[in-house]
Amino acid sequence: MAENRVGRVGRNGPCPCGSGRKAKRCCGSARRPSESDAVRMVALLAEPAAATLESLCEECQTAAWLGVTDLPDLEPSCVLCLPQELPPPVRELQVAVADDDKDAVAACLAGALAAIDTAVVRAELANAVVVLESHGQCPPRVAAAALVDLAGPPPSMFVLASMFKAVEGAGLLSVPGGLVGAVG
């Protein structure tokens, strides 16, 4: 499993999620995995990552965990793709971030995370991390911390950082009737 995660996976190679299927017919395909497939894939990727983290000193672990929140700033594939029609809690978060209203951000943060933080989203972010690490664009320690975070219980600091980056980058558009919608 560790060999698949580190090396490049071709379309005809086995999928790094451990399903036994070809990558093109599994996580490498355009379709989204089911919730159960997504949970299983992230858990399988996180298992060796946890061992990597445990082998580090406390200072290196801390640096790895802090690096996870920087991934969305460094790589667009680590930024969530927001739906065209934002769920109301995410729209409220977007407005609060645009207005720089820290109290409003805090008030709608849990609802926005609940609307966005799904097993499929976590699997997509995990896949982005695996690709970044395999191309040498993400340090293995940071990749390990990101995968362990994604396999853990909500809230995920990686999903949170990714959601904030997506919300910041989406922009706002006023539409007739005073409604606010997402552009992007």
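The numbering used here puts the last residue of the sequence shown at 191; the count rises by one with no breaks.
Think of the CB as a built atom: it goes at the ideal place given N, C-alpha and C, for glycine as much as any other residue.
- In this structure A117 does not touch E42 by the C-beta definition: roughly 21 Å separates them, more than the 8 Å allowed.
- The residue among V104, L81, E131 with its C-alpha nearest the C-alpha of V149 is L81.
- Collapsing the DSSP output to three states places P55 in a helix.
- Here A71 really is in contact with L63; their C-beta atoms are around 7 Å apart, less than 8 Å.
- Exposed is the label assigned to N19, since fewer than 16 other Cβ atoms lie within 10 Å of its Cβ.
- D77 and V46 have their C-alpha atoms roughly 24 Å apart.
- Put simply, the stretch 81 to 100 touches the stretch 131 to 145. At least three CB pairs are less than 8 Å apart.
- In this structure, S163 keeps its C-beta atom at 8 Å or more from the C-beta atom of L154.
- Under the three-state reduction of DSSP, P96 is assigned to helix.
- Counting every other CB atom within 10 Å of its CB across the protein chains shown gives P90 a total below 16, marking it as exposed.
- For E140, the uninterrupted alpha helix (DSSP H) segment begins and ends at 126 to 141.
- Exposure of L73 is indicated by the presence of fewer than 16 other C-beta atoms within 10 angstroms of its C-beta.
- Under the three-state reduction of DSSP output, P90 falls in the coil class, being neither helix nor strand.
- In summary, C67 is exposed, with fewer than 16 beta-carbon neighbours lying within 10 Å of its beta-carbon over all protein chains present.
- The Cβ atoms of M48 and L120 lie no closer than 8 Å to each other.
- Look at P160 here: in three-state DSSP terms it is coil, with no helix or strand label.
- About 6 Å separates the beta carbons of A152 and L60, which is inside the 8 Å limit, making them a contact pair.
- Straight across, the Cα-Cα distance linking G143 with E92 is about 35 Å.
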